[in-house]
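K.L.:
Numbering (my numbering), first residue to last: 165 to 368. For each residue, glycine too, the CB sits at the ideal point set by N, CA and C. Keep in mind the model is a prediction, meaning the values are calculated, not measured. To start, I am sharing the structure in question, which I have written as structure tokens.
Here you go:
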């Protein structure tokens, strides 16, 4: 292959048709959020449809809940330390974004179907932020939502009501028309989270 032809085909696949060379590009489309990304997503597509129950006891879907920029977190209200801190961090970022003129919806999805009734998640979410949406559901509904976002949770062996649940601690940013765009680790401060979310919303 000549140097000229090699350069031509470097960005795609060369196909010989009736003596003419056609180069078909195989390069991935540009990522409009490239300048905002701080995480690296692996393991396939994240996010998707879910059906859960809100704090008013109503069955809702992702289309009912994720109507604007949304920040999702999977945890449980009886969590002794991690979940309250993470939910509070997400609420703080929501307030900071509001001060900048950007509105997002924080969402808390419980992985504890047994104890987290609609009333319980509604009170927990409302104490964090007046617009935070608390969601729960049957074990099957919660499992499906967790699998869609590739989260992990597992109840520790215990015979009493004070059992703990091991779970992943990422927060997920979902944007209208784009779906899931980024995850955030719990070591980000409210200010860092605010700056990152603002970047994605502005780039959307």
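(1) Using only CA atoms, which one of 260, 258 and 268 lies nearest to residue 230?
(2) Thinking C-alpha only, which one of 315, 359 and 360 is nearest residue 209?
(3) Is the beta carbon of residue 310 sitting closer than 8 Å to the one on residue 252?
(4) Are the region 241-261 and the region 329-339 touching, with three or more C-beta to C-beta distances below 8 Å?
(5) Check the DSSP bridge columns for residue 317 and list the partner residues they point to.
(6) Select from 266, 223 and 350 the residue whose C-alpha is nearest the C-alpha of residue 300.
(7) Please classify residue 270: does DSSP put it in a helix, a strand, or coil?
(8) Quick one: what does DSSP say residue 214 is sitting in, helix, strand or coil?
(9) Which of the three DSSP states, helix, strand or coil, is assigned to residue 240?
(10) Buried or exposed: which applies to residue 192, given that a residue is buried once 16 or more other Cβ atoms fall within 10 Å of its Cβ?
(11) Check this for me: beta carbons of residue 346 and residue 326, under 8 Å apart or not?
P.N.:
Let me spell this out:
(1) In the chain shown, residue 230 corresponds to position 66, counting from 1. Minimum Cα distance to residue 230 is reached at 268.
(2) Residue 209 sits at position 45 when you count from the first residue of the chain shown. Closest option to residue 209, Cα to Cα, is 315.
(3) Translated into positions along the chain shown, residue 310 becomes position 146. Translated into positions along the chain shown, residue 252 becomes position 88. No; because the gap between Cβ atoms is not below 8 Å, this pair is not in contact.
(4) yes
(5) The sequence position of residue 317 within the chain shown is 153, counting from 1. 331, per the DSSP bridge assignment.
(6) Walking along the chain shown from the start, residue 300 turns up at place 136. When only C-alpha atoms are compared, the closest one is 223.
(7) On the chain shown, residue 270 is found 106 positions in, with the first residue counted as 1. Three-state result, residue 270: strand.
(8) In the chain shown, residue 214 corresponds to position 50, counting from 1. It is coil, neither helix nor strand.
(9) If you number the chain shown from 1, residue 240 lands on position 76. The answer is coil: DSSP assigns residue 240 none of H, G, I, E or B.
(10) One-based indexing of the chain shown puts residue 192 at position 28. With a pLDDT of 49 at residue 192, under the threshold of 50, the modelled position of that residue is not reliable, and the figure given next carries that caveat. Counting Cβ neighbours within 10 Å, residue 192 comes out exposed, since fewer than 16 surround it.
(11) For the purposes of this step, residue 346 is taken as residue 182 along the chain shown, with counting starting at 1. For the purposes of this step, residue 326 is taken as residue 162 along the chain shown, with counting starting at 1. Their beta carbons are not under 8 Å apart, which means residue 346 does not touch residue 326 by this criterion.
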